[in-house]
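**Student:** Top line first, the protein sequences correspond to chains A and B. Each step along the first sequence adds one to the number in the working numbering, with nothing skipped, and position 169 is 169. Each step along the second sequence adds one to the number in the working numbering, with nothing skipped, and position 64 is 1064. One structure, pasted below without further comment.
2 protein chains.
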Amino acid sequence: MSTTAPGKGRGPRADAQRNRDHILDTAAQYFSEHGVSGSLDAIAKKAGVGAGTLYRHFPNREALLAALLTARDEELVKRRDAIRAEPAGAASRLEQWLDALIGWAGAFDGLPEPLRTATTTETSPLGMTCQGYITTTDEFLLAAQKEGTARAEVRGRDLFLAALATSWVRDAAMADEFSAQALKSLTRNGWAASGTADSGH
Amino acid sequence: MSTTAPGKGRGPRADAQRNRDHILDTAAQYFSEHGVSGSLDAIAKKAGVGAGTLYRHFPNREALLAALLTARDEELVKRRDAIRAEPAGAASRLEQWLDALIGWAGAFDGLPEPLRTATTTETSPLGMTCQGYITTTDEFLLAAQKEGTARAEVRGRDLFLAALATSWVRDAAMADEFSAQALKSLTRNGWAASGTADSGH
DNA sequence: AAACCATACGGAGGATGTCTCCGTTTTGTC
DNA sequence: GACAAAACGGAGACATCCTCCGTATGGTTT
């Protein structure tokens, strides 16, 4: 989880780097337990730093979230590459990628909300991240469209939002795990070209 | 917007009734302008009543929201009856009902969130409301399934959540009105039985 | 119409949370 | 070891939610 960018000018001071990493670790755990709306001051206290230190490193909740997701970036990128390398058809690959997105957006309780906001707000750290994944979604989607297994009028952005929405429905819907699955199938049938749809129970 | 239930014991005091109605009106306007997360204290002030008065009538944000939606209930119920009376096929009726739900959930910015929470939380004023509309959704869905135009494995609850999700995506997505439309089509194709799907440009 | 009391009002204030400011401390360099 | 730049910490300004309780008002009774 170190972020020591080599060669770039003079690196950050040692204590700053240490604190930053530690805050990130603490925040990851705290958000896991309390959802993304957990108190930032509480995170600072738990990490053993002053509130000022936390806010200097991460000016607001979104920045902290963005940093947290960047740390997880590697994982999702790896997944993307693994899916790319699969011998399966384009439709299956797209489906797997969307599944990965749903899982990614569900990393913390309540995460879909800021992600959706970021997706439409642009020009924010989170927005950049989302934009990148929309591009990837477009890549898989285009392949499926060329293959004839995905409707032509669908856009990557729409599927990305649909994945967020699925994750959003799953949040706090623990009483009914079916619903998330249902949304997934609904989406699956939604983008599939006629005749290739799968009831996906 | 009066809520004078006739015959039920001794009604509320006149000033209480007046305040309640006025708070409701003020809240409707305030939420329209600032979304459902607007400050409750600000609403009280704007309505010219003390905070205590607001909280006595509506113990929390959800209660206020529920009262606000109850006022709109009549409208949606009327729409439901109108759809029922239509000569169109069951699929078309289901589609129109889902459209109505999407519009309903978009009455205020940010409304889908508490609605989703209420849907999965049950036993809350909002939860009751949602439950009722899920039942209606089931009614329209069942007709479409009997007609053979809707997949058998879909449930009303899922479509209800999908409608909320669509409204959720639309929120703050003004930069891209397409997305909401896309989600709608995606869902439409998702529940339609094979062969009856419509690309819904 | 005056008195009575249940009902309702208002707004100060406790609790929690976000974020800023600035005096103090730490780090890296010379 | 001394110096300046970088970073720290936590008090406190400010916003919100919500409660508590002394005070005012409305309806009823005589």
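Every residue, glycine too, gets a C-beta built ideally from N, C-alpha and C.
Since A150(A) sits in a beta bridge, which residues does DSSP pair it with?
**Tutor:** DSSP lists A192(A) as partners of A150(A).
**Student:** Taking 7 Å as the CB-CB limit, is S1179(B) close to chain A?
**Tutor:** Yes, contact with chain A.
**Student:** In this structure, how does DSSP classify E74(A) when only helix, strand and coil are distinguished?
**Tutor:** Reduced to three states, the DSSP call for E74(A) is helix.
**Student:** Just to confirm, is the Cβ distance from L1115(B) to L1064(B) under 7 Å?
**Tutor:** No, Cβ-Cβ distance for L1115(B) and L1064(B) is not below 7 Å.
**Student:** Below 8 Å, how does it come out for the segment 1128–1148 of chain B and the segment 1044–1061 of chain B: are there three or more Cβ pairs, yes or no?
**Tutor:** At 8 Å Cβ cutoff, the stretches do not touch.
**Student:** Output the distance between the C-alpha atoms of A42(A) and I23(A), rounded to the nearest integer angstrom.
**Tutor:** A42(A) and I23(A): Cα-Cα distance of roughly 11 Å.
**Student:** For R13(A), count the other beta carbons within 10 Å of its own beta carbon; 16 or more makes it buried, fewer makes it exposed. Which is it?
**Tutor:** Exposed, since its Cβ has fewer than 16 Cβ neighbours within 10 Å.
**Student:** May I have the straight-line CA-CA distance separating E153(A) from L142(A), to the nearest angstrom?
**Tutor:** So the two alpha carbons sit approximately 11 Å from each other.
**Student:** Could you check where the alpha helix (DSSP H) with G156(A) kicks off and where it finishes?
**Tutor:** G156(A) -> alpha helix (DSSP H) spans G156 to R170.
**Student:** Please confirm whether E36(A) has its beta-carbon closer than 7 Å to some beta-carbon of chain B.
**Tutor:** Glu is not the amino acid found at residue 36(A); the sequence shown has Val there. So, not an interface residue.
**Student:** Between the segment 156–174 of chain A and chain B, which residues of the former have a C-beta closer than 7 Å to a C-beta of the latter?
**Tutor:** So the close ones are R157, D158, L161, A162, A165, W168, V169, A172 and A173.
**Student:** Is the Cβ-Cβ distance between A88(A) and T149(A) less than 7 Å?
**Tutor:** No, they are not a contact pair.
**Student:** With a cut-off of 8 Å on the beta carbons, I'd call A1105(B) and S1167(B) a contact; round off their distance for me.
**Tutor:** With a Cβ gap of about 4 Å, A1105(B) and S1167(B) count as contacting.
**Student:** State the start and end residues of the unbroken alpha helix (DSSP H) segment that holds P1112(B).
**Tutor:** First-last of the alpha helix (DSSP H) with P1112(B): P1112 to T1121.
**Student:** Short of 6 Å in beta carbon distance, which residues of its chain neighbour F1140(B), apart from the five on each side in sequence? Order them along the chain.
**Tutor:** Contacts found: R1093, L1094 and W1097.
**Student:** Do G35(A) and G110(A) have their CB atoms nearer than 7 Å?
**Tutor:** Taking 7 Å as the Cβ cut-off, G35(A) and G110(A) qualify as a contacting pair.
**Student:** Since R1157(B) and S179(A) are thought to touch, with beta carbons under 8 Å apart, how far apart are those beta carbons, to the nearest angstrom?
**Tutor:** With a Cβ gap of about 7 Å, R1157(B) and S179(A) count as contacting.
**Student:** Relative to the alpha-carbon of T123(A), which residue among L159(A), A66(A), K184(A) and Q145(A) has its alpha-carbon at the smallest distance?
**Tutor:** Comparing Cα-Cα distances from T123(A) to each of L159(A), A66(A), K184(A) and Q145(A), the minimum goes to A66(A).
**Student:** For a contact meaning CB atoms closer than 9 Å, what does R61(A) contact in chain B?
**Tutor:** Residues of chain B passing the Cβ test: none, with the nearest at roughly 14 Å.
**Student:** Please classify N60(A): does DSSP put it in a helix, a strand, or coil?
**Tutor:** In the structure shown, N60(A) sits in coil (DSSP, three-state: anything other than H, G, I, E or B).
**Student:** CB-CB under 8 Å to S1169(B), same chain, minus the five flanking residues each way: which ones, in chain order?
**Tutor:** Looking at the sequence provided, one finds Val at residue 1169(B) rather than Ser. Correct list, in chain order: S1179, A1180 and L1183.
**Student:** Going by alpha carbons, who is nearest to S194(A) out of R80(A), F108(A), E177(A) and Q145(A)?
**Tutor:** Among R80(A), F108(A), E177(A) and Q145(A), the Cα nearest to that of S194(A) belongs to Q145(A).
**Student:** Taking D81(A) as the reference, which of N60(A), L40(A) and T136(A) has the closest Cα?
**Tutor:** Taking only the C-alpha atoms, the option nearest D81(A) is T136(A).
**Student:** What three-state label does DSSP hand G1279(B) in the structure shown?
**Tutor:** Outside the displayed span of chain B (1001 to 1201) sits residue 1279(B), for which this structure offers no information.
**Student:** Starting from W1104(B), find everything on chain A with Cβ-Cβ shorter than 8 Å and list it in chain order.
**Tutor:** Going along chain A, no residue has its Cβ under 8 Å from W1104(B), so there is no contact; the nearest lies around 17 Å.
**Student:** Note the first and the last residue of the continuous alpha helix (DSSP H) segment covering R1010(B).
**Tutor:** Careful: R1010(B) lies outside any alpha helix (DSSP H) and carries neither H nor E.
**Student:** Taking I102(A) as the reference, which of T121(A), L76(A) and N19(A) has the closest Cα?
**Tutor:** Checked all of T121(A), L76(A) and N19(A); the closest Cα to I102(A) is L76(A).
**Student:** Less than 7 Å between CB atoms is the rule here; does L186(A) satisfy it with respect to chain B?
**Tutor:** Cβ-Cβ to chain B under 7 Å: yes for L186(A).
**Student:** Can you give me the start and stop residues for the alpha helix (DSSP H) that A1041(B) sits inside?
**Tutor:** Checking the sequence shown, residue 1041(B) turns out to be Asp, not Ala. Unbroken alpha helix (DSSP H) run through D1041(B): L1040 to A1047.
**Student:** For chain B, check one thing: does any of its Cβ atoms lie closer than 7 Å to the Cβ of A82(A)?
**Tutor:** Output row for A82(A): interface = no.
**Student:** Taking the alpha-carbon of A1047(B) as reference, which of A1028(B), R1061(B), P1059(B) and D1073(B) has the nearest alpha-carbon?
**Tutor:** With distances taken between Cα atoms, A1047(B) lies closest to A1028(B).
**Student:** Are L186(A) and A1100(B) touching if we call contact CB-CB under 7 Å?
**Tutor:** No.
**Student:** Grouping DSSP H, G and I as helix and E and B as strand, with all else coil, what is F1108(B)?
**Tutor:** Coil.
**Student:** Using CA atoms only, rank isn't needed, just tell me which of S1032(B), V1049(B), P1059(B) and I1134(B) is closest to D1171(B).
**Tutor:** Comparing Cα-Cα distances from D1171(B) to each of S1032(B), V1049(B), P1059(B) and I1134(B), the minimum goes to S1032(B).
**Student:** Among the candidates T26(A), H57(A) and L40(A), whose CA atom is the shortest distance from the CA of Q17(A)?
**Tutor:** For the residues T26(A), H57(A) and L40(A), the minimum Cα distance to Q17(A) belongs to H57(A).
**Student:** What distance in whole Å lies between the Cβ atoms of N1060(B) and N189(A), which are believed to be in contact at a cut-off of 8 Å?
**Tutor:** Actually they do not touch by this definition, with Cβ atoms about 39 Å apart.
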